[in-house]
Structures are given as C-alpha cells and as structure tokens.
Amino acid sequence: MGTTTIAAGGRSHKSKGLRKSLATLAASIMLATSAQAATPATDEVNTTGLAVTDDTVKVGILHSITGTMAISEIGSVQAEKLAIEQINESGGVLGRQIEFVQEDGASDWPTFAEKSRKLLRQDNVAAIFGAWTSASRKAILPVIEQYNGMLYYPTFYEGLEQSPNVIYTGQEATQQILAGIDWAVKEKGAKTFYLLGSDYIWPRTSNKIARKHIDKLGLKVVGEEYYPLGHTQFNSVINKIKLKKPDVIFASVVGGSNVAFYKQMKAAGVDFTDEKPLLLTISVTEDEIRGIGGENVEGIYASMKYFQSLDNPNNEEFVAAFKEAWGDDMVIGDVTQAAYLGPWLWKMAVEKAGSFDIDKIREASPGIEFTKAPEGYVRIHENHHLWSKTRIGRAKTDGQYEVVYETDELMEPDPFPEGYQ
Amino acid sequence: MNAAKAQSKDFLLAVEGLTVSFDGFKAVDDLSFYLDPKEIRVIIGPNGAGKTTVLDLICGKTKATSGSIKFDGKELTRLKEHQIVHSGVGRKFQTPSVFEDLTVFENLEVSYPQGHSVMGALAFKRSAEVVAAVEDVAETIFLKDALEQPASLLSHGQKQWLEIGMLLIQKPDLLMLDEPVAGMSVAERKKTAELLRRITKDHTVLVIEHDMQFVGDIADRVTVMHQGKVLSEGSIEHVKSDPKVIEVYLGH
Amino acid sequence: MFDGYTTSELMSIFAMQGFAGLSLFSVFVLMALGLAIIFGQMGVINMAHGEFMILGAYTTYLVSGFFQSVLPGLFGGYFFVAIIIAFLICAALGAFIEWAMIRHLYRRPLDTLLATWGLSLIMQQTYRSIFGAREVGVELPEWMMGAIQVTDLVELPINGLFVMIIALSIALGVYLLMYRSGWGKKVRAVVQNRPMAEAVGINSAGVDRMTFALGCGIAGIAGAAFTMIGSTGPSSGQAYIVDTFLVVVFGGAQSLIGTIVSAFGISQAQSTMEFFLSGSMAKVLTLLVVVGILMLRPEGLMALKVRR
Amino acid sequence: MKNTSPLKWFASREGLYYLALALLLVVILPLALDPFRLNMVGKYLTYAFVAIGLVMCWGKAGILSLGQGVFFGLGGYCMAMFLKLEASTPEATAIQSTPGIPDFMDWNQLTELPWFWEPFHSFSFTLLAIVGVPVLLAFIIGFAMFTRRVGGVYFAIITQAIAAILTILIIGQQGYTGGVNGITDLQTLMGWDIRTDEAKTILYFVCVGLLFVCLFVARFVQNRKLGRILVAMNAQENRVRFSGYDVAAFKIFVFCLAAAFAGIGGALFTLIVGFMSPSFIGIVASIEMVIFCALGGRLSILGAVYGALLVNAAKSGFSESFPELWPFAMGALFIGVVLAFPNGLAGLYQTYVMPLEDRLFKRKPKAAVSAPAKPAPAARQDEGRDYDPMLDQYSPEKS
C-alpha cells in the first residue's frame, strides 16, 4: 500500500540483515555512551502482538495532510516527527528505534476512523499520535477503545471526555478559560464580557464554561454570538459589540472566519492596543496570525499554555531544533508544542512500565513528569490530561506573542468541571 | 352565467374576451370566437398576429390574463395542461416534437390514453387492445410499415404525421394543429390534406396555416387574426374579399 | 433589548447597522456581478467563480509583495495596480477556459456545472501547491486601515467604503458596457437569438469568449477587493458559492438590475436579522426565506415575462 | 414478454452483467480482501445507492440534484439516532447529570430527550423513517419546485442551498444533533455488536443484498412505461405534458425514489462506518456523489455502482500514496467525464468492449439491430433485443 514506513532520523535500510547488524551496532554504541539498561527481550515487553522487534517499534502518525484541515495539522505532524527523531537519536524507546507509519486523515472523519483501524489492525502500531479536530477524535475514539490502542491527542479542546485510551496533551477548556478570565478580571479590571465564537462544539462549550465562571465572579456577560464556520461578514456583530461596550471580547472564532473577523474589527476602527474593549482569544495561535496578518491583531491577548516566545532553555532548544528541521520561517503554535509532547510522554510511560503493552502504559502514565517540555514542566493527571501552566500573551505586529502573565501554579485539568456544565 | 352556459352547449369551444399580455404588450387582445362540433377552422394572419399564442392559451401552455375558454362545458383556463388533454384537447406543435429515441410504435403507445398517472405508468402493460389501437392509428397516418423504426429516422413530413397520430390515439374531441404542412413536399401536403379530411369525420379541428391553397382545401371557416384581435371571420371566399384583410396582407 | 440606551446611541447604531447592510450589499454585488453576466447572458454555471475570486486575491498578494520589496515608496497605491492586474489575469484565464472547456458545453448547462466544479478543485490544489495550505496575509497600505469618525459612535471603515465604491463603479461600468455600448448590444443580440445574431455578422464565438472573460475578470476584481475584508487561502473561494448563486438566481437570471436588487434585499435581510438573532440562525433564516420565495416565484425577482 | 423465466433472464446479456456484478461483490471481493478493506468497499457501496438514484433522477429524467447528501444524511441520522439511543442506556451513561440521554445532550444541558428523538427507540419506526424522512422532504421540495416548473440549473442551485441550510442547522443545533462532531460512538444494533469483524462482514453482505434490491427496483421502473416517460420528459417535456401526463408528478416520483435510495445508503453508511456527521450532507459531499454517477455513465444503473466503487477506491488509493495529486485527479475526472466521455464507463464499455464480446461469443453485432448513430433506447418491454448497458445514447445536440 502507499503508506510511508520510514525509520526516522534517516535510519531506513532495505536489507533486514544489514539493518539488524547496524542496529546491534547502534545498540552497543548506545550501551557504551548512555546509562541505558540492556535492551529487554521483545516477548517480555510486548505481550499483545504489537509491531515491536528487537530493535524497532512502530508507531502511527494520523493527521490530515490534505483537505481543509491540513493547514492546521501540518505543524503537529512536523512536531511529532521531530520528537521521534530526537528520541531515536537519544537511544530510542527501551533500546528500540521508533519507526512511524504516517496516514492521511484527509480532513474526512470516516477516513480517520478507517485509518486508525488500519494502523491498529494492520500495522499493529504501539501508539498513535494524531487527530486535531474534535470530530476526528470522536471518530477515532470507538476504534481505539475497541482495539485497545493508545492515542496522543494534541489539540486544546472542549473537555467532556476522558478515555482510558487517550492521553490529552493539549489543554481542556477550563485550563485555558478560567485562567484567562481571572487574569482579565484581576489585572485589567474587566466587568463585562462579550462571548463570540464559530458555531460548533468547542466554542459553545468554552463559552458555557466562561459564562458560568463570569457568573460566579458576579460579573456580567452582555452578549453571546455564534457564526457558521467559514462565515466572512462580521459587521453586524461588530456593531453589537460597539453598542454593548463590553470590557472584554472573549473570542473563539476559528479558521478563515478569523481572518475576516480581525480585519473587519480593525477596519471598523477598533484598535486592540487601546484595550477598549480588550480582546481575549483562546483560538488564535502564532500559526493563525500568519494568515490574519500581524498588523490586524496587534494588541489582542491569547490565553494558552504555550507561546513560541516563551523564555526558557527547553523552549530555546526546541524552537532551534524545529527551525533546523523544518525551516527558518516556521512558526510554532500551542498545538504544535503539545503534539511534540506526545512521543516523549509515550516514551516515558513505556520506560516506566518497562513494557509496550497498552494496559501497562495506561497504568504507568499518570504521574509522569516531563521536565524538558518546551512549555516548562508538565505532569500527566489521573484523568489523562496534563497539569500545565496557562499563560497570557499579547500579540505583536511580527506575529509573535509577548508573554505578559503566567499562572503561579500548574492548572489542574478538569474535563468534567463540576458546576460548569 | 346562463348565457354562457347556453353557448357552451351549442359550441364545442367558446373563447370569450381572451386577453394575455407580456409586460404590457397584448399578444392576444379581447379575442372571442366559437367552434361548432366537427368543424374545421383555420386561423390565418400575418406573423406576430397571436395565432400560436391562441393555441398556447387553449391548451394551457400560457395562462390567460383575463377571459374565458369554455370547452365542452368546462372552463379550461383553470385546468392544468394534462387535465386539458384529458378533457379532450390535443395539440400539435409547429416544429415536430416526437420522442426521437423511441420507435414509432412506442411513440404511439406512450400517447395511448391509459396509464397516465405515475402508478398507472408503472403498472401499464402492452395489451392486445393497445396494439390494435396503435396499428389502427398507424394505418391512418401512413406509417404502418414504419412501426419498428426509431422516430429519429423518419422524414420531416412523417414526423409531422406521427405527431398527429399521437394526438389521434388519445381520441380527442378537439385537435389543434400548428402549421401542419410547413416544410412538406407537395406530395406530402396532398396526403396531409387527405389525412385531415379523414380525421374531421370524428373530430373538431383548429388549424393555423399560411398556405392559402391548403387552407382552401380543408377549411370550413376561416378566422383572420391581426394584432391579437379577430380581423375577419367566415368562409375562405368571404375573408379573401374582405377589404380589411386585403389591407393587412397587401397594404403595407 | 434597547433598554438603557439613549436615543442618540440608538440612532448611531441604526446608522452603523445600515452601513453594515450596505457593505454586505456591496460584497454581494461584487461577488454576483461576474457570475450574473456569465450565467444570465450565457446560461453557463461557473462553479469555479469563487476560485477566480481567490486568483484575484492571490494576485493582489503578489503585487503587494512586489511593491513592498521593489517600490516601497509607491506602496500606498499598489492596490489600484493590483485591481487592474487581477482583472487582466482572471480575464485571460477565463478566456482560455472558455476556449478549452466551456465552448464545448453551451447546450448542456448542467454539464458546465460539473466541469467547472472539476476546474475549481484543480485551481484550489494549484493554489495550495504554489502558496501553501495556509492563508496568506495581504498587507494593506496604511491609509486603508482606519475609519472615518462621523460622530462619537458612528465610524465608517475606510476599506468598507472602498469596497462599496469599487462595487458601484463596477456595476456602473457593466451597465454602460451592456446597455450603452456596441459590444453590449452584440452580447444581448447573441443572448436573444444566436442564429440571427450570427446571420447579421456577429462573431458569436468571440462574444461568448469576451463575455466569459469579462465575468471572470470581475470576479478577479472582487477577489482583490476582498483581501481587505476576508481571508485569502486555497479554499476560501468555496465560502462564497452558495451566497453568490442565490443572489443571481434570486434576482432573475437575465437581469443585471435584478441581481443588484436581490443583492440589496438579501444583504439587508441578513444584516437586520443578524442584529436581532444569533449569526447562525440569521444565516439559516435568510437562506430559507430566499429558497422559499424562489419556490413560489421560480423566475426570480426581475425576470422578464417572455412570449414563448 | 418472452424473457419471463428468471433462468432465461440470467442467461441473457443483461442477466450476465448482473451476475458478473454479483460475482464480484459476493465472491471475489470478500475472498480477495481482508475484513478491513472489505469494510471500506462496503462504505463505497453505500454511495452506490445514491448514485443509482442519481441515474434515475439526473440521467434519465434530467433533474440534477446537488443536494443528494441531504437525503443520504437524513437516512444516516435516523439510523444513528436509533443506535445512539441504544448505546445511551441509563447504566452506560450513569456518570451524566441526566443518565439515559445521549452524551452530547447532557453536555448541552438538555435534561430530557427531545420529542423528535422519542420515536427512535423503536426499530420499526427507525426503518420506516430511514426511507420516510428523506422521501417526505424530497416530496415537499419536489412538489414546491416541479409544480412551478423549476428545473435545470435553478433546481440544482436550490438543492445546493438546501444542503447548506441543513448543514448549518445541524452544526448549530448541537444539543439536538451532536453538532459538527456528529453522532458518534455507536456500538450495538439490537444488542448485536456492530464493531466486530464478523459484524462488519455481515453488514457488508447486507449492504450488497440491499444494493441489488435497489438495482432491481430501479431496473423495474426504467423498464416500465414510466421509465420511458422519464427519458421522453428529459428530451421533450412539452410533448409529454401535452400527451396528457402530469410531468410534475413524474418528476416528484423519481426525485422521491432517488431520495429513498439515498436514505437507505445513508443508514447503511452509519452502520458500516459507525457514526454520522454533517460533513456527509454538505455541498462538497453532494457534488462528489454526482461524479460517481457520471463516471459510471449517467444512464446506466449498473455503471453507477462501478462508478461509486472506482472513484472511492481511487480516492483512498491516491490519498494514501499521492495525497496532493488527488484533487487534480478528481478535477480532471469531472472535466474529462463531461467533455470527453459523457456516457462514462458504460459508454466506453459499449464502444470498446461489447464488440469484442460480440466477436468472442459470436453474437450478432448490435449495430445491425439499431442504427449506429443512435442506438435505440432504453429498455423495452418487448422481446429479444439485446441489452444495452448504456441504455441510451446521450446526445445533447439533438436537433
């Protein structure tokens, strides 16, 4: 079939014998150079028939590289490949080099289901890194639960889900929203909010959480509005916003609508740098700004866990490596970084469990800490989401965010938030 | 009301005060005429006089702006086209419109007045009765030997006859023919005239025609139209000598 | 819902909402004019209309990049150059497509629909291969960015005004071309009676090509204008399909005035409803009303009653 | 009719074509493919239902609907609603604030099942709705449009707008419909786990069986007088009307028939794929369905099945190996089919393969029966004529 089976890091070899001998050689070098324990026997670490050999392990990458979602998912693919390459360079997982099989979800949800089934049934992959939209994750979910696979899902999303077979490396809605709103209230003295989103599940759920939280704080939501995906005319809502004069516009508009919305806001004489109103988004990453144009969003705030401009050594290394691998003009958004965490978290779970078996990985996962994460430090929660800090960034004309705030504590993931439903 | 009823009893077709306007232009303007049963009436008139529009109005293709068309006691202006057909009005178009993909037999079979509803068309079977009716009509329209030919292979004149045949098989009371001999050879014209004469034994016929020779051959009465109105009406000799008609045809 | 606002505030809002309706109107006019010419005059359904618009948008993007790097001093005026180039490129491509594809399909309107859909897929993928899957940001000159302060509350966005001016000038231009020029007379002659037009010596194939090219060229101008208010990406054009077709069909196929009237009606309905309802419901209701009216009045608003 | 005996029919040329398709779908593919690939073929076949409907509606009667996805989706949603209710037992949904309702409703603060979901507890109602709901909508649209003589391009655009409306509605009303994610995580049908390999294989055969039922229904319709009237209507609508037929009624009928086929296809899609979402209703999906029909040959119901299989298989194949080439290939397919092969595969088959068959089996060459320029039509009730897979020469440039 036309699938790509490539050993990352240029370690693809045609001859099996050669490959084996080289791998043994590599393993012995690794033994000499690292403190790694001797490679455990395959039948011990793989009791369920996954594609694990003495020196390789196969994983799947499943994103859209064609269709309307390709634009968003490409960054995740790049990050996952980079992480796999780095893991291989540092000795692999349990002494095994990671090979990946990449499949195209083609922005089509049944294709995602199909391809995940193929990865699990035909390729017997040990883990899948993939999916971006909620719809694609929902399509994969029954398959991955049925065949007991492991999915590392990178996107910030609406929550309301907690599968034993998924590790959610992006933030669920409360982590982004509560911190963002608290910040706006505390630092900016916000009293009134206008909620605006594209019309689908993530913005609606997010705004629901935001509304509850605003109510709890005793403050006021003065408007809530949804437009169909792909909508390009926002003049009416801009007028409504001008009429209501909210302190904060809380925006979760996505895709092409974003471009139209910010351009029209700007054109309607709204200067975000005045912060009257202040615009707080949970959907515009550095990736999106490239399409919108930095000059159109200058001064907006975003509430996320990661910005490319984060100032820490992990991130410096990561950004440099990413640019070296994929080009200097690359920008890295929140999801891209979260996707990068996936292979690492999986590696650590495998090594903690001492096995590739899914059940053991699942047990081992909670509590795993990743101190080298570009975003700083993350830890896997019992509920398979990540503890992470939330940051507020202020957009600059060059398309980067300047980090203006960061929560003191790690935000606890809470996919089924009591009192927010 | 009573008067109208009386009229519709006397006449097979009573057109009264018929008007249709297209964006203010009155193609047919307060037109009235009456047809007796078994009459052959020919409508003549210069181009643009509104002749074809009259046929369109009667068969329901065009909706009248005002006026009434009474046929056999029924008000046609309120009926839909297929209902008008079912009440006994058949219409032949100026350019032959037969089903080119079907054979002559099938063309006639499709026109056979049975199985015209959706379910009827699903259940329709070719019975001996249907075959007999088709062969009978084919005989009349000189196409008995061409039954199995696709209609697309017929000559222009034969297509005209086939379309007339498709009307005949519906057993209509009123046949409306729009220039039936246009584009025919002399021999075909003669045969068509003969065909029409045969038909009129059992039908009332309303014909639009330009060919005065042919009109003279077949018409009982002639109605001359001009600018959407009746200019003159009567026998062919009468209208030929009517100064108004001469003015219209020759004056300009 | 108007509690707590002063009369002057309300007046301002209504003024601004009226302006929002007008800018939506000019967007619709720009989208629909090119299509109305092609559909109304030639009976061809151009499903790639949105992609022609995006071609205009990409052209603008390239021209702006060119000015930025080569003629930064003249950047403020690049947009006018871009509009002209967008028109020319789209018209040229349109003429080519007419020659290669459309002219073989004149009697099969439904088939032009499928073929141009295929064309739209190819154009989209071409954009994706050349410009990447991401939307590109088109930088606008400074003078186009702001708004004109009319009163405290009423601000008129300059680029909205600009789109409006472009829409109106193009509508006027098309009107003059179709109804006041010799060429327009030929087009109308071909529409009404092709064989007769040919018989009196009109080169109907040439007229068709020019008409199609003109429609595509106008789509290009629309695309250039939309870089100010919308996104420019490989599949951005698809967002316009349904709206555009409905505007044209609703207006009555062969009537350019009808297109303008229908653009006005639909845009006012939509922007009014958007103000009172949520955006999604406003959209659904607008579409439903238009479809409903079309069911009752299939010939559209301004169709001529033709004697057939 | 002479060929009344079924045995004789199977020996006829037409019968052999049906047998060949049956052989391919029932024997060859299941033997050659693993359950995973077979399941994919099953998914492609669900589109064949839509394509058969489009042959009847567009190919024969000339009504191009760009909204077939609407009916496909409605059928699919009806099935999905039943399965979702079955999956949402109070036990399975105990962690919700309102157990016993589908999960997405709970997230959207619905505290009880909306009224229009209630009947979908019943399997027999669901089966009825799978056909009934699409047909009802098709009837309403058809009645409104065809009695007012909306046709051709206008009809196409309006159906397209309806597809857009329904998509926006379903996405916007997520508390009732599952929104953009659709209705997911469907597990069992009357207690039978539809996710296992065995179940998927059985569903594949059910799909093939129903496909043949629809093929035979379509074949029956096209071989009756009704079929001839549809074709005649396409070419000479006025003549049909003035032969006493209510043209609108026939159009409504065939549009409803196509909607019913699409609804069945959609329901099977839900079963085979395991969920339903608005992306199968929208404009893009609906137009793609037209190309399945066009590639097969817009007049051939058998061709429609091959068209749906081939386009989808090509799509999967391309997107696995050369993803960025697929849109080019698809675009070229649209243009090529329209410009160069308006009769699609069936036309090519008739031109190039049938003469070979004739030589091979020493049949009388067809050309002797009907004029080469214009082979005669469709399906005739009468005897002995050779079956014509293309069923009709499509010649738009009719005089």
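Chains as they are written, first to last, in full-length UniProt numbering: chain D, 1 to 421; chain E, 1 to 252; chain S, 1 to 308; chain C, 1 to 399. By construction, the Cβ of each residue, glycine as well, lies at the ideal position given by its N, Cα and C atoms.
Does the beta carbon of V29 (chain S) come closer than 8 Å to any beta carbon on chain D?
no
Counting only the same chain and skipping the five closest in sequence on each side, list residues whose C-beta sits under 6 Å from that of I29 (chain D).
In this predicted model, I29 (chain D) has a pLDDT of only 45, less than 50, meaning its place in the structure is not dependable; the value taken from the coordinates is given anyway. Take I29 (chain D), set aside five residues on each side of it, and no residue of its chain has a beta-carbon closer than 6 Å to its own.
Quick check: what's the CA-CA separation for residue 428 (chain D) versus T397 (chain D)?
Because chain D in this structure spans residues 1 to 421, residue 428 (chain D) falls outside the shown range and cannot be described.
Select from D:G170, D:T133, D:S64 the residue whose C-alpha is nearest the C-alpha of P323 (chain C).
D:S64
Using only the alpha-carbon positions, how far apart do I293 (chain S) and L119 (chain D) sit?
50 Å
Any residues in the segment 86-104 of chain C with a beta carbon nearer than 9 Å to a beta carbon of chain B? Which ones, in chain order?
Among the protein chains in the structure shown, which are D, E, S and C, there is no chain B.
Contact between the segment 38-53 of chain D and the segment 306-318 of chain D is defined here as three or more beta-carbon pairs at a separation below 8 Å; is this criterion met?
no
Roughly how many angstroms separate the alpha carbons of G149 (chain D) and I128 (chain D), rounded to a whole number?
Spanning the two alpha carbons is a distance of roughly 8 Å.
Do A190 (chain D) and L278 (chain D) have their C-beta atoms within less than 8 Å of each other?
Going by C-beta atoms, A190 (chain D) is nearer than 8 Å to L278 (chain D).
Min CB distance F320 (chain C) to chain S below 8 Å:
The amino acid at residue 320 (chain C) is misidentified as Phe; the sequence shows Glu. No, its Cβ sits nowhere closer than 8 Å to a Cβ of chain S.
First and last residue of the uninterrupted alpha helix (DSSP H) at E145 (chain D)
134-146
Given a cut-off of 8 Å on the beta-carbon distance, is the pair F143 (chain C) and I63 (chain C) in contact?
Not a contact, by the Cβ cut-off of 8 Å.
Any beta carbon of chain S sitting closer than 8 Å to that of V150 (chain C)?
Cβ-Cβ to chain S under 8 Å: yes for V150 (chain C).
When the cut-off is 8 Å and only beta carbons count, does H104 (chain S) lie next to chain C?
Interface with chain C (8 Å Cβ-Cβ cutoff): H104 (chain S) is included.
Does any CB atom of chain D fall closer than 8 Å to the CB of V180 (chain C)?
yes
Any beta carbon from chain C within less than 8 Å of S280 (chain S)'s own beta carbon?
yes
Under 8 Å between the Cβ atoms of I209 (chain D) and P417 (chain D)?
yes
On the CB-based measure, 16 or more other CB atoms within 10 Å of its CB, does T6 (chain S) come out buried or exposed?
exposed
Along the chain, where does the beta strand (DSSP E) that runs through V403 (chain D) open and close?
Start and end: 401-406.
Take V42 (chain E) and list the residues in its own chain whose beta-carbon comes closer than 6 Å to its own, dropping the five residues that flank it on each side.
V207, E209, V215, A219, V222
Below 9 Å on C-beta distance, what does K43 (chain C) contact in chain D?
Those within 9 Å of K43 (chain C) in chain D are P110, E114.
Positions along the segment 203-227 of chain C whose CB lies within less than 9 Å of some CB in chain E
F220, V221, R224, K225, L226, G227
What are the start and end residues of the alpha helix (DSSP H) that includes H231 (chain D)?
Note, H231 (chain D): premise wrong, no alpha helix (DSSP H); not H, not E.
Which whole-angstrom value describes the C-beta separation of V104 (chain E) and L162 (chain E), a residue pair presumed to lie in contact below a C-beta threshold of 8 Å?
That pair is a contact at about 6 Å.
Proximity winner among C:T89, C:L203, C:Q174, C:G67, relative to F155 (chain C) (alpha-carbon distances):
C:G67
Comparing the C-beta of S28 (chain D) with each C-beta of chain C, is any distance below 8 Å?
Model confidence at S28 (chain D) stands at a pLDDT of 47, short of 50, so the residue's coordinates are unreliable and nothing is read from them.
Y194 (chain D) - partner residues in DSSP beta bridges:
D:G223, D:I249
Please go through the same chain and pick out, in chain order, the residues whose beta-carbon is closer than 7 Å to the beta-carbon of W109 (chain D), but skip the five residues on each side of it.
A135, S136, A139
Taking only three categories from DSSP, how would you classify E14 (chain C)?
DSSP places E14 (chain C) in the helix class (H, G or I) of the three-state scheme.
Would G191 (chain C) be called buried (16 or more neighbouring beta carbons within 10 Å of its own) or exposed?
With a 10 Å radius around the Cβ and a threshold of 16 neighbouring Cβ atoms, G191 (chain C) comes out exposed.
Taking buried to mean at least 16 other C-beta atoms within 10 Å of its own C-beta, is R198 (chain E) buried or exposed?
Flag for R198 (chain E) reads exposed.
Within 7 Å of chain C by C-beta, residues of the segment 183-212 of chain D in sequence order:
D199, Y200, I201, R204, T205
What would DSSP say about R221 (chain E), mapped onto helix, strand or coil?
Looking at R221 (chain E) - three-state DSSP - the assignment turns out to be strand.
Contact criterion: CB-CB distance below 8 Å. Does A346 (chain C) meet it with respect to chain S?
no
Report yes or no: is there a C-beta of chain D within less than 8 Å of the C-beta of I229 (chain S)?
yes
Compare the C-beta of S243 (chain C) against all C-beta atoms of chain D and say whether one is closer than 8 Å.
Taking Cβ atoms only, chain D never reaches closer than 8 Å to S243 (chain C), which makes this a no.
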